Every structure is written in C-alpha cells, then in structure tokens.
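This report concerns only the one structure given below.
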Amino acid sequence: MPDIVYSTGPIEVEPGVTQLRLKALNNSPLVQTIQARVFSLDGTKILIATRNFSLPAGSSNFANVNIGNQNEFEVQFTVSNAQVLVAVFAIRTLQGNFSAANSVRHQEMVNLTAGVTDSSGIEEPS
109 MPDIVYSTGP IEVEPGVTQL RLKALNNSPL VQTIQARVFS LDGTKILIAT
159 RNFSLPAGSS NFANVNIGNQ NEFEVQFTVS NAQVLVAVFA IRTLQGNFSA
209 ANSVRHQEMV NLTAGVTDSS GIEEPS
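Quick note on my numbering: the sequence shown kicks off at 109 and runs consecutively.
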C-alpha cells in the first residue's frame, strides 16, 4: 500500500499556544511507522520539526513540538496504513490546557494523496 499523507492545512496560531502535541494511534495488527512533519508558514513554508513514531499494534504515542515563535503552521503525517489515526492538539502552556481552535482531529485532516476536489467535485491534480 502506498503511503498516505494527511495535512492539517494552514492554521494561524492562537494567542497563548506555544506547543503542539502530535498524536498517533495504531489500530492495525502490525507495527506501524509514522512520520510527523511540522512546517512554519510565516511567508515561506519551512520545515521546523520532524518526529517519527514506531507503534506496536494497538498502541498510541505522542510527541510535543515547540511552536512559540510561529504565527502559522501546518502538520503533515505520513502513514502506510489507513488504520493509523493521527491528531494534533495545540497546547496553551501558561494556562495548561488545549486550544480547540488550533487542534485538528483525524477526520478533519486533508488526505493529500487522495487528490483535492473543488466545490464542483472535480478533482484537481495534487
């Protein structure tokens, strides 16, 4: 199976958000490797962090990434199995809580490998 790339799309950082929690859940019966890449979108798209997960069957894990100096970001997850679910949770460090506005659950992500459709349903090349 070819790799699947999920993207949060561009997100503007809410005041107080300084970290992202990158979460992966392996629902498959095999060990899975997941790569998470975080990009700064402040004018030019620049890779600022890469985190790799090796998850046994039926397990999950997370990694935190500091984004305190960013105004905008995108997270891309590369997985090799559709049974791997991913999510991003934005952390307001001083308040000690999550920002719902900057958090993206699996079903909200764009599958970049599936192509993108416009409002008419016509697929555009990716």
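Glycine included, each C-beta is placed from N, C-alpha and C at the ideal position.
Computed from a predicted structure; not experimentally measured.
Exercise. Taking the alpha-carbon positions, what's the V121 to F170 distance?
Worked result: Rounded to the nearest angstrom, the gap between the Cα atoms of V121 and F170 is 20 angstroms.
Problem set entry | Contacts around S168, its chain only, beta-carbon distance under 8 angstroms, and the 5 residues preceding and following it disregarded | The residues are K131, A132, L133, N134.
Exercise. Mind checking whether T186 and V113 have CB atoms under 7 angstroms apart?
Worked result: Yes. Within cutoff.
For this session: Indicate the three-state DSSP secondary structure (helix, strand or coil) for A165 in the structure shown.
Result: In the structure shown, A165 sits in coil (DSSP, three-state: anything other than H, G, I, E or B).
Exercise. By the 10 Å Cβ neighbour count, where 16 or more other Cβ atoms means buried, how is S162 classified, buried or exposed?
Worked result: The residue in question, S162, is exposed, as its Cβ has fewer than 16 Cβ neighbours within 10 Å.
Problem set entry | Nearest neighbour of G166, chosen from F197, N174, S136 [CA to CA] | G166 has its Cα closest to that of S136, out of F197, N174, S136.
For this session: Quick one: using the 10 Å Cβ neighbour count with 16 as the cut-off for buried, is I154 buried or exposed?
Result: Counting C-beta atoms within 10 angstroms of its own C-beta, I154 has fewer than 16 neighbours from the protein chains shown and is therefore classed as exposed.
For this session: Determine the burial state of V106: buried for a count of at least 16 other Cβ atoms within 10 Å of its Cβ, exposed for fewer.
Result: The requested residue 106 does not occur in the structure, where the chain is confined to residues 109 to 234.
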